[in-house]
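Step one of this worksheet: look at the structure below.
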Amino acid sequence: MAWIRRHRLVTFFALAYVIAWCAWPLYLTGVLPRLEFQACGPLVAALVVASVADGRAGLRELGARMIRWRVGWQWWAVAFLVPIAVHVVTALLASGAIRPNFVWTDLALFFAIRLVNPLDGPLGEEPGWRGFALPHMPFSPLASAAVLGVLVAGWHIPLVTVGNLGSWLELATTFSLTIIYAWLFNRTGGSALLTLVFHAVEGTLQPGTLGAEPSRFTTWYFVVWTVVAVGVALDRKAWTATTARQDTATSSTSSI
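My numbering applies: residue 77 is where the sequence shown begins, and numbers increase by one.
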């Protein structure tokens, strides 16, 4: 327990990877007919490490970030509208037109389920990557976001190898999205709830939702999100230590 307290992040990332990847060797050796990727790895890792390292106080701190909703209406608008806008722009660049191919009620239901399903990406990942890991990163805020981006992208590798993600380019898109999630987290005073909503909206929309051709959509999706990531990286206010760490001032210090 003392070692975990001193090395929260090493323990967290190791658990997040092991839990998510545990079925991969069994799939590669033919024991399992398909890859059962455990997207809840970061969530479980965050709960375990927070409880072991800091007890109830650690769990309360994590929980507070997950329910921080008083952040200003403009940030709620960002969480909902930016992913939608990116999909629209990407579809236009990829296909030259918008061809809606969805039922609103189905889309809304899918979004709602993604918000509360711990086995899906948004709830499985956000409490871990943003709720736990990002506030404990020992680097500058922007550097922390970049390091986290590499680790989060790497965590998705098994999904690319089995075709659940369209191409390796999607890992680069994940890196860009991680920068944007960190920006939103910092700008909302540490609200993992807002990154959860953003993540759920982003994943609810698919290339087929707007009638775009998948391969061209994937390429332009990376380009558009990278442009957005560069834009938010220039927002100096989001990357000051006081902004990024304002909700962790009372957190205990730890090494990697």
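Note that beta-carbon positions come from the ideal geometry of N, C-alpha and C, so glycine has one too.
- With respect to the C-alpha of E112, the residue from W301, I255, G239 having the closest C-alpha is G239.
- Of the candidates R206, L253, G307, S291, S291 places its Cα closest to the Cα of A167.
- Every candidate beta strand (DSSP E) stretch fails here, since none sits fully inside the region 274-307 while reaching 3 residues.
- Under the DSSP assignment, I174 falls outside any alpha helix (DSSP H); it carries neither an H nor an E label.
- Nearest neighbour of W97 by Cα position, chosen from W301, V277, G230, A248, turns out to be G230.
- Secondary structure remark: continuous alpha helix (DSSP H) runs of at least 4 residues inside the region 106-154, in chain order: 117-142.
- Contact between G204 and A92 holds: CB atoms are separated by about 6 Å, below the 8 Å threshold.
- Look at H212 here: in three-state DSSP terms it is helix.
- DSSP places P101 inside the alpha helix (DSSP H), whose first and last residues are 100-104.
- A Cβ-Cβ distance of about 16 Å is found for the pair P214 and N262, leaving them out of contact under the 8 Å criterion.
- Between V158 and G265, the C-beta gap is not smaller than 8 Å, which leaves the two residues out of contact.
- Distance from the CA atom of G117 to the CA atom of A161, rounded to whole angstroms, is 30 Å.
- Cβ neighbours of L245 within its own chain (closer than 7 Å, five residues either side excluded): T294, T295, F298.
- The region 127-144 makes contact with the region 78-95: 3 or more CB pairs, one atom from each, lie closer than 8 Å.
- With respect to A276, L210 sits apart: the two C-beta atoms are not nearer than 8 Å.
- With a cutoff of 8 Å on beta-carbon distance, L247 and H163 are scored as not near each other.
- Here the C-alpha atom of E202 lies approximately 26 Å from the C-alpha atom of A78.
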